[in-house]
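Residue numbers (this note's numbering), protein chains in the order written: chain A, 1 to 643; chain B, 1001 to 1249.
What follows is a set of notes on a single structure, which appears directly below.
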Ligand SMILES: Cc1cc2nc3c(=O)[nH]c(=O)nc-3n(C[C@H](O)[C@H](O)[C@H](O)COP(=O)(O)OP(=O)(O)OC[C@H]3O[C@@H](n4cnc5c(N)ncnc54)[C@H](O)[C@@H]3O)c2cc1C
Ligand code: FES
């Protein structure tokens, strides 16, 4: 059986990163120039990495399916980014951020990775400020902070309600500075826009290149390099309806998986508690209302089933502020998994509000009375406007209606301490990997991880890989490229040849509905078993009845979508199998068979204290499960309590 | 409700384009404008026809991808609203809606409603950054930033790079975009060292890309989904003048 080595440095937790950096083999700037690194993705992780690697002297090729790096999905993050700066003197520290993250993840992540994340968090803020990221400030000119779920300190930095956009513009500016150098021999980054990665090329077992499609001309292209970095984001869109951008996809990660990169913990999918509920069949995506709203808003559902009165007409005594009731010490700031399940429970009991009874209230009446409308509008104005634009309701007057929605995926490509996947030379960073959040991610920690990986971790960990061996000379004329390109072309032809009757979106919608019902907020054996065969059947139908009009040699959005949905059809099955295999509840993964009488998750540390990495076999053989046992030396495994 | 759509279809950059008519049936007022087009596209695909190509991604008004001229107005009738955040409740049953791409020499059409906005990237590459390598930054609290300056910088930085300002302008000028970018960094203490080279470089690139001159129509601010103020244009002009004069010394 395959063995996984996380390659963690020896020594005390606090010293691991420093000793790694001291011990690593170095490359001189003149040698770095000789290495071409292919970075796929220009979000916080990819954009940050590409810029930093180029600053350090590597020859960087960077790819994105977007028309501009600045549109990567990171742009949509609203609430903020965590860092253990302790600027508020409220008792924060690297260890506390580390501990909160481990605990928030329900003790299912690797200690050394999480500690490193907390360690570099401070530098991220310094870097961003120096780049000109306009963080919100206090009147004295210093940086402001807010609180996020799962923490009792104020460590979240933010730019109004557009933190992701501003951090991304920072990384984009750094990237632009490198693109401006000219790329190639001149140094800097050579940027390839509107390119979709469709496969990974390995030579002698090492990642040596990629095959992409030029989305304007339809041309299939090959690019060779000494290492490949995937920073391609998460796979929440497997559920069709999610808060992710329409173009977010799992294709890069999935294609890498099929070439030998293990896929870890696919069932750890985060459902965000505060999203605008579904309005109808036509719904194409769900909109997140930032978790920061839970700083001042109070969540409640009517006490009575089938309540028909308007929110404002329901007296205090008939409202159930269920989070405050059940979790008095964290209240409305309970972690996401807990808040999401509590909302589902209220709706399952028939106490939901709005169309279809799938919604609860998030109420600002008290906050407006206490602080005034202006203060609330300064903090959350853009979110209030966005809600009103979408629903036609005014949240200053009537409470927001919210419901949980798929939002973030903790699972992803398995990586070791070096962010390297099980394919040597293939690295994965940002949301695309599984590394830091265990079974549940805390708010404002994804931006932190993306930038930590991109700016600080990967540029340091890729060096020993390149310095430590003599990589053979490989260019695009190597037969491996021809072979993979041929396979990609076949796939294109196959999709176009089906000429069926159903649109790609209709398949995606059906897959999403299936997974959401049977592998969403709560999971149980019978439904998961059914889901596995239903996904298989749907996949079969897809390849027989999908309609992909147009040709391969031009801009073809139906074809782009078809590649992505075809991969989701495979990933969806693994998601269910992983959920079925994990006979415990932890973090975002709730197995209804494993909970207390009052609905709290029951973890099983005896049997499941591991990360599940799935190893691809072939088309007809299911993936093999390989376990990375998790060892906790610095924290005690405890039952999470937010009461 | 039922609507008639008149949509610009153009197979490729070099092909001729024309307006085609489509019927959108049973449209719900709670649909977004793009969801309405999704439904039309689903039907087209079921019939084996190519869907209407349009750019979109976040569908929440932040990525700047969506870009349609709706009844002659960039992003449609609602103020401070991107196409993706426009909802059908603002239209009436029986209406005919014209949908066209951004029109500007510097934004060539690639297909149907998709245009090439890479000129914006090249303008940013011509100086839209602060030169600081990763790992070289001092502690974030070393420099205090006046709240007013930070707020004004943020208001400029809210630009989503959609290009509606260009599409709305009779001259297809990119001044509001460039002004927002130059001001964001120029208002912050960290952006002072390169303030002059930045404005000169970006304005020069803007001219090279073929964007028109600004003659103060103010259409850009009117359609900007982030309501970016034309006052930033005045600021850009001042910055540009100062930089041109001092660079001659
Ligand atoms: C609505 C919303 C709000 C959020 N708010 C917060 C928040 O407040 N705080 C927080 O910490 N986190 C937040 N998150 C999570 C966070 O934004 C993401 O996890 C993070 O930005 C992911 O960054 P990334 O760099 O890994 O990937 P992304 O930003 O998703 O970038 C992926 C990149 O890969 C490219 N790509 C993908 N597939 C391919 C392919 N096949 N071929 C070529 N290129 C490809 C894309 O073009 C893109 O450039 C939020 C997420 C959402 C959806
Ligand atoms: S789709 Fe992102 S702004 Fe409209």
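Each residue gets a CB set at the ideal place from its N, CA and C atoms; glycine is no exception.
Closest by C-alpha distance to residue i, when choosing among the options
{"i": "residue 223(A)", "options": "197(A), 600(A), 430(A)", "result": "197(A)"}
{"i": "residue 92(A)", "options": "170(A), 112(A), 119(A)", "result": "119(A)"}
{"i": "residue 402(A)", "options": "433(A), 340(A), 451(A), 452(A)", "result": "340(A)"}
{"i": "residue 1035(B)", "options": "205(A), 95(A), 246(A)", "result": "246(A)"}
{"i": "residue 1177(B)", "options": "1060(B), 1197(B), 1064(B)", "result": "1064(B)"}
{"i": "residue 151(A)", "options": "72(A), 442(A), 391(A), 587(A)", "result": "442(A)"}
{"i": "residue 61(A)", "options": "117(A), 135(A), 146(A), 188(A)", "result": "188(A)"}
{"i": "residue 397(A)", "options": "364(A), 413(A), 380(A)", "result": "364(A)"}
{"i": "residue 476(A)", "options": "84(A), 96(A), 212(A), 78(A)", "result": "212(A)"}
{"i": "residue 102(A)", "options": "439(A), 78(A), 301(A)", "result": "439(A)"}
{"i": "residue 417(A)", "options": "329(A), 528(A), 434(A)", "result": "434(A)"}
{"i": "residue 1048(B)", "options": "437(A), 497(A), 407(A), 485(A)", "result": "497(A)"}
{"i": "residue 553(A)", "options": "607(A), 624(A), 215(A)", "result": "215(A)"}
{"i": "residue 309(A)", "options": "375(A), 321(A), 354(A), 379(A)", "result": "354(A)"}
{"i": "residue 1246(B)", "options": "1221(B), 1200(B), 1229(B)", "result": "1200(B)"}
{"i": "residue 1129(B)", "options": "74(A), 177(A), 158(A), 125(A)", "result": "177(A)"}
{"i": "residue 229(A)", "options": "431(A), 425(A), 545(A)", "result": "425(A)"}
Classification of residue i by the beta-carbon crowding that lies within 10 angstroms, buried from 16 upward
{"i": "residue 563(A)", "result": "buried"}
{"i": "residue 1239(B)", "result": "buried"}
{"i": "residue 195(A)", "result": "buried"}
{"i": "residue 139(A)", "result": "exposed"}
{"i": "residue 180(A)", "result": "buried"}
{"i": "residue 369(A)", "result": "exposed"}
{"i": "residue 64(A)", "result": "buried"}
{"i": "residue 31(A)", "result": "exposed"}
{"i": "residue 165(A)", "result": "buried"}
{"i": "residue 1102(B)", "result": "buried"}
{"i": "residue 639(A)", "result": "exposed"}
{"i": "residue 299(A)", "result": "buried"}
{"i": "residue 586(A)", "result": "buried"}
{"i": "residue 1077(B)", "result": "exposed"}
{"i": "residue 589(A)", "result": "buried"}
{"i": "residue 543(A)", "result": "exposed"}
{"i": "residue 1136(B)", "result": "exposed"}
Cβ neighbours of residue i in the same chain (closer than 6 Å, five flanking residues each side left out)
{"i": "residue 388(A)", "result": "394"}
{"i": "residue 1219(B)", "result": "1168, 1169"}
{"i": "residue 311(A)", "result": "361, 398, 399"}
{"i": "residue 1143(B)", "result": "1189"}
{"i": "residue 46(A)", "result": "39, 231"}
{"i": "residue 1074(B)", "result": "1164, 1167, 1168, 1223"}
Under 8 Å by beta carbon: chain C residues contacting residue i
{"i": "residue 117(A)", "result": "This model lacks chain C altogether; the protein chains it does include are A and B."}
Nonlocal neighbours in the same chain, by C-beta distance under 7 Å from residue i, ignoring five residues either side
{"i": "residue 67(A)", "result": "193, 194"}
{"i": "residue 2(A)", "result": "615, 626"}
{"i": "residue 70(A)", "result": "168, 169, 172"}
{"i": "residue 1184(B)", "result": "1153, 1156, 1157"}
{"i": "residue 331(A)", "result": "323, 324"}
{"i": "residue 160(A)", "result": "136, 382"}
{"i": "residue 259(A)", "result": "200, 202, 423"}
{"i": "residue 664(A)", "result": "Residue numbering for chain A in the displayed model covers 1 to 643; residue 664(A) lies beyond these limits and cannot be assessed."}
{"i": "residue 106(A)", "result": "438, 439, 440, 586, 587, 603, 640"}
Beta-carbon separation (whole angstroms), residue i vs residue j, contact threshold 8 Å
{"i": "residue 1211(B)", "j": "residue 1243(B)", "result": "With a Cβ gap of about 19 Å, residue 1211(B) and residue 1243(B) do not count as contacting."}
{"i": "residue 333(A)", "j": "residue 286(A)", "result": "At roughly 22 Å, the Cβ-Cβ gap does not stay under 8 Å, so residue 333(A) and residue 286(A) are not in contact."}
{"i": "residue 146(A)", "j": "residue 292(A)", "result": "6 Å"}
{"i": "residue 1113(B)", "j": "residue 1052(B)", "result": "7 Å"}
{"i": "residue 454(A)", "j": "residue 48(A)", "result": "3 Å"}
{"i": "residue 415(A)", "j": "residue 421(A)", "result": "6 Å"}
{"i": "residue 1106(B)", "j": "residue 1119(B)", "result": "5 Å"}
{"i": "residue 344(A)", "j": "residue 521(A)", "result": "5 Å"}
{"i": "residue 358(A)", "j": "residue 305(A)", "result": "With 8 Å as the limit, residue 358(A) and residue 305(A) do not qualify as a contact, their Cβ atoms being about 14 Å apart."}
Nonlocal neighbours in the same chain, by C-beta distance under 8 Å from residue i, ignoring five residues either side
{"i": "residue 255(A)", "result": "197, 198, 199, 200, 567"}
{"i": "residue 58(A)", "result": "32, 33, 35, 36, 37"}
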